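For reference, the structure discussed in these notes is given below.
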Amino acid sequence: MMESLFYLASFIALVATVLALSRANATHALIYLIVSLLAVAVIFFLLGAPFAAALEVLIYAGAIMVLFIFVIMMLNLGDSGVAKERQWLSPRYWIVPGLLAAILFGEMLVALQHHSAALSGKMISPKAVALELFGPYVLAVEIASMLLLAGLVGAYHLGRRFLARTEMEEELQEELKEQEQQRAQP
Amino acid sequence: MSTADLLALLPLLVLSVGALLLMLQIAFIRNVQFSSALTLLIFALAALSCGPATDYAPRLVTPLLIADKLALLFTALFCLAGFVTTVLSMDYMQRRGDQPEEYYLLLILSSLGACVLAYAEHLGSLILGMELLSVALYALIAYPDKSILPLEAASKYLVLSGAASATLLFGFALLYAITGSLGFSDLGTQLATQPSGNIMLLVAMALILAGLGFKLSLVPFHMWTPDVYQGAPSPVTGFLASVAKAAIFLLFLRLFIDAKLYRYNMLLNCLALVAILSMLVGNVLALQQDNIKRMLSYSSIAHMGYLLIILVVCGSSNNRALAIEAASYYLIAYTATTLAAFGLLSLISAQQQQRENVLLDDVSGLFWQQPLLAGLMLIALLSLAGIPLTAGFVAKFYIFSAAISGYHWGLIAALILGSAIGIYYYLRVIFYMSKRNSPSYTLASTASGWHISSLSTALMIIILLLGTAPQPLMAYLRSIL
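Which chain is which? The protein sequence lines are A and B, in order.
Counting from 47, one number per residue, gives the positions in the first sequence under my numbering.
Counting from 873, one number per residue, gives the positions in the second sequence under my numbering.
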């Protein structure tokens, strides 16, 4: 019974990933990617790692995907974008991802009813994860903090060039305007 | 963690605290001179702190890191290499790009990653160290603001290196699924109970070999190397070619020995094949390059091929000690030599505003203009070619004797053939350098100053000393292994 739930979730993850890869439209691809991540979260839950499942939903399907969607929304500015978005809301675009997500939700409900439906027979609580992280693996947390620092500094430096460029362009445009005004005055 | 644990990790702590100090300095006062001086101080302190840390070696500090003398030796080497890279970068960064301070911060973080790799005894610290090393390198490669080539190189390295890390992680996940352990020596004991024909194990090893092969730019996975080396700022290329490669190879060696991967004949055969391909393809492709950076990148592929011979030799238990000793010696010699070779290139390209290339024509007549720097390049190239009296000769001799003691005739044939091809293209650069009255004579203006001349003299002396009086280092290596 539990095994079949696992295989179903894995199947959904695979199907959603393939669909995500084959979509021509980035937003549709993202929706399938979210479904795929949700399926992975269900697998984690079935394996007895509810904490990892929650993190998967919160961080991957939540935070990172929202960032992706923001970027894509910013790229689709203008009235034509609104018209397109209205078109995307037609059922044939959301019915398949919705169906897949509904199956996953059903799986979660079944798993919850069977009480900590762990395939491995062992639940890993958040407390156990924390004890490991700040016990034997405390140095891993420290090294990871340095890794994040490197990523942050690198992203700041590489992103800064675009900020600097827009500022320069604005200054340039202001100068041009001033010059035009000066020309117009006499 | 006890005090002894912390003392055994002293170099890592010095580097981490140094990175934080430098970050605070950049946040409050931006000053390039001060940043570079602070960086030099941090690297020097970290290298020096390896001395007191050896009193506590060998010591397993949490399951993640092992502070043995080999790790400390290589940590000192990486910190010194970071020191040299900082000196070489000073002129380079002053000319290019605004806000050059973060460059030094990223350099320290990248070296920290390499040092973590030297300490790693666990798949977790392996991945974290490797990512720290590469994430800082992505930003370092793309650091110069105004040109497109570094950005292209960085994005290539980012995407391909990310794919390689994913491959590696998949391999580790399979290993964990089979054995249930992540520590290197645990893996060794657990794998002993598994039948060697386990299909999951084979897939895991193929994935790990592919991931590490990419990071070391071994032949089927080498396509990124020339573009990244060419596009990156020259001091960063030197760092990437020496420290990043040496750290990852050292880690591969540790994984290979501690997890007893040498028991699998299939893996040994794959490694031998990859080694032969790397030696031949790397050298043949290097023949066709006019750009010295690209030539050195192909030659680094070949050098990684020479090093892989060591892993194959490790297969028989009689020669294992000799093989590890040879690998350590080769890595030290290779790091010093590569830093010297790229040092000259970065001094030349520091004077060029946009162009990152150093063509053969750019160095023509260098002997008559800058004898000291040309001498450094001469010795570095001779050492890479493996000419006697230089570090490269002793290192290659070491590998040769290790291979002979294991009767690996095919590998020896490829080594000889590759070295013979290598001599041609290394000598070609020397030939160009000694040309008189060439039309592009004036192009080769290089940065100068007392720090450059003292650094080049020191590197030259090190390479020559390693080549003429290798006994002290050999004896030390034998005593710690």
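All residues carry an ideal CB built from backbone N, CA and C; glycine is no exception.
Everything numeric in this text was worked out from a predicted model, so none of it was measured.
Residue span of the beta strand (DSSP E) that contains residue i, given as start and end
i                : result
Leu932 (chain B) : Arg931 to Val933
Residue i in three-state terms, based on DSSP
i                 : result
Ile938 (chain B)  : strand
Thr1314 (chain B) : Only weak support is given to the placement of Thr1314 (chain B): the predicted model assigns it a pLDDT of 47, under 50, and the value that follows is read from those uncertain coordinates. Thr1314 (chain B) falls in the helix class under three-state DSSP.
Leu1261 (chain B) : coil
Pro1098 (chain B) : helix
Gly1055 (chain B) : strand
His1175 (chain B) : helix
His203 (chain A)  : helix
Met873 (chain B)  : coil
Asn1365 (chain B) : Nothing can be reported for residue 1365 (chain B), as the shown portion of chain B is limited to 873 through 1353.
Asn1163 (chain B) : strand
Leu994 (chain B)  : A quick correction: the sequence has His, not Leu, at residue 994 (chain B). His994 (chain B) falls in the strand class under three-state DSSP.
Gly181 (chain A)  : coil
Thr1065 (chain B) : coil
Val187 (chain A)  : helix
Gly144 (chain A)  : helix
Ala1104 (chain B) : coil
Pro1022 (chain B) : helix
Residue i: first and last residue of the uninterrupted alpha helix (DSSP H) it sits in
i                 : result
Phe1303 (chain B) : Trp1281 to Met1305
Ala100 (chain A)  : Pro96 to Leu101
Ser171 (chain A)  : No alpha helix (DSSP H) holds Ser171 (chain A); DSSP gives it neither H nor E.
Gly923 (chain B)  : Val904 to Ala925
Cys1186 (chain B) : Careful: Cys1186 (chain B) lies outside any alpha helix (DSSP H) and carries neither H nor E.
His74 (chain A)   : Ala72 to Leu92
Asp1234 (chain B) : Asp1234 (chain B) -> no alpha helix (DSSP H), and no H or E assigned at all.
Phe52 (chain A)   : Met48 to Ser68
Leu1090 (chain B) : Run containing Leu1090 (chain B): none; DSSP gives neither H nor E here.
Ile1352 (chain B) : Gln1343 to Ile1352
Asp970 (chain B)  : Neither: Asp970 (chain B) is in no alpha helix (DSSP H) and is coded neither H nor E.
Arg1126 (chain B) : Lys1117 to Asp1130
Ile891 (chain B)  : First, the amino acid is wrong: residue 891 (chain B) is Ala here, not Ile. From DSSP, the alpha helix (DSSP H) with Ala891 (chain B) extends over Leu882 to Phe900.
Ser1326 (chain B) : Trp1322 to Thr1340
Own chain residues within Cβ distance below 8 Å of residue i, not counting five before or after
i                 : result
Arg1300 (chain B) : Leu1232
Leu917 (chain B)  : Val886 and Gly890
Leu179 (chain A)  : Ala186 and Val187
Leu67 (chain A)   : Ala75
Met1072 (chain B) : Leu1046, Ala1049 and Ile1050
Pro1022 (chain B) : Ile1013, Ala1014, Tyr1015, Pro1016, Gly1103, Ala1104, Pro1105 and Glu1228
Ile1196 (chain B) : Leu1125, Ile1129, Ile1182, Cys1186 and Leu1353
Val1146 (chain B) : Leu1081, Gly1085, Leu1090, Val1091, Pro1092, Gly1177 and Leu1180
Rounded Cβ spacing between residue i and residue j (contact assumed at less than 8 Å)
i                 : j                 : result
Cys987 (chain B)  : Pro883 (chain B)  : 6 Å
Val1185 (chain B) : Ala1274 (chain B) : 5 Å
Leu1120 (chain B) : Ile1182 (chain B) : The question names Leu, but residue 1120 (chain B) is Ile in the sequence shown. Between Ile1182 (chain B) and Ile1120 (chain B) the Cβ distance is about 14 Å, and since that is not below 8 Å, they are no contact.
Thr1207 (chain B) : Ala953 (chain B)  : 6 Å
Leu1336 (chain B) : Ile1302 (chain B) : Contact flag wrong, Cβ pair sits at about 16 Å.
Leu1245 (chain B) : Ser1328 (chain B) : 6 Å
Asp970 (chain B)  : Gly1060 (chain B) : That pair is no contact at about 51 Å.
Met1305 (chain B) : Met1346 (chain B) : So it is not a contact: roughly 32 Å between Cβ atoms.
Leu1000 (chain B) : Leu193 (chain A)  : 6 Å
Leu944 (chain B)  : Thr926 (chain B)  : 5 Å
Contacts around residue i, its chain only, beta-carbon distance under 6 Å, and the 5 residues preceding and following it disregarded
i                 : result
Tyr928 (chain B)  : Ala876, Leu879 and Ala880
Ala99 (chain A)   : Ala87, Phe90 and Phe91
Ala1174 (chain B) : Met1151, Gly1154, Asn1155 and Gly1290
Arg1166 (chain B) : Pro1098 and Gln1102
Phe1111 (chain B) : Thr957
Val1115 (chain B) : Phe950, Ala953 and Ala986
7 Å Cβ shell around residue i - same chain, five flanking residues per side excluded
i                 : result
Ser908 (chain B)  : Thr958, Met962 and Tyr976
Leu14 (chain A)   : Given that chain A is displayed from residue 47 to residue 232, the structure contains no residue 14 (chain A) and the question cannot be resolved.
Leu1179 (chain B) : Phe1121, Ala1199 and Tyr1202
Glu102 (chain A)  : Leu83, Val86, Ala87 and Phe90
To be precise: take each residue of the region 93-120 of chain A, compare its Cβ to all Cβ atoms of chain B, and keep it if any distance is under 8 Å. Which residues remain? none
Interface residues of the region 188-200 of chain A facing chain B [CB-CB below 7 Å]: Ile189, Ala190, Met192, Leu193, Leu195, Ala196, Gly197, Val199 and Gly200
Under 8 Å (Cβ pairs) to chain A, residues found in the region 990-1011 of chain B: Gly996, Ser997, Leu1000, Gly1001, Glu1003, Leu1004, Val1007, Ala1008, Tyr1010 and Ala1011
Which residues of the region 924-950 of chain B have a Cβ closer than 7 Å to any Cβ of chain A? Give them in chain order. Thr934, Pro935, Leu936 and Leu937
Positions along the region 49-64 of chain A whose CB lies within less than 9 Å of some CB in chain B: Residues passing the 9 Å Cβ filter: none.
Could you run through the region 170-189 of chain A and flag, in chain order, every residue whose CB is less than 9 Å away from some CB of chain B? Gly181, Pro182, Tyr183, Val184, Leu185, Ala186, Glu188 and Ile189
Please list, in chain order, the residues of the region 894-917 of chain B that have any C-beta partner in chain A closer than 8 Å. Identification of residues in the region 894-917 of chain B having a C-beta nearer than 8 Å to some C-beta of chain A yields Met895, given in sequence order.
In chain order, what residues of the region 972-985 of chain B put their CB closer than 9 Å to some CB of chain A? Answer in chain order: Glu974, Tyr975, Leu977, Leu978, Leu981, Ser982, Leu984 and Gly985.
Chain A contacts from the region 1106-1139 of chain B (Cβ-Cβ distance under 8 Å): none
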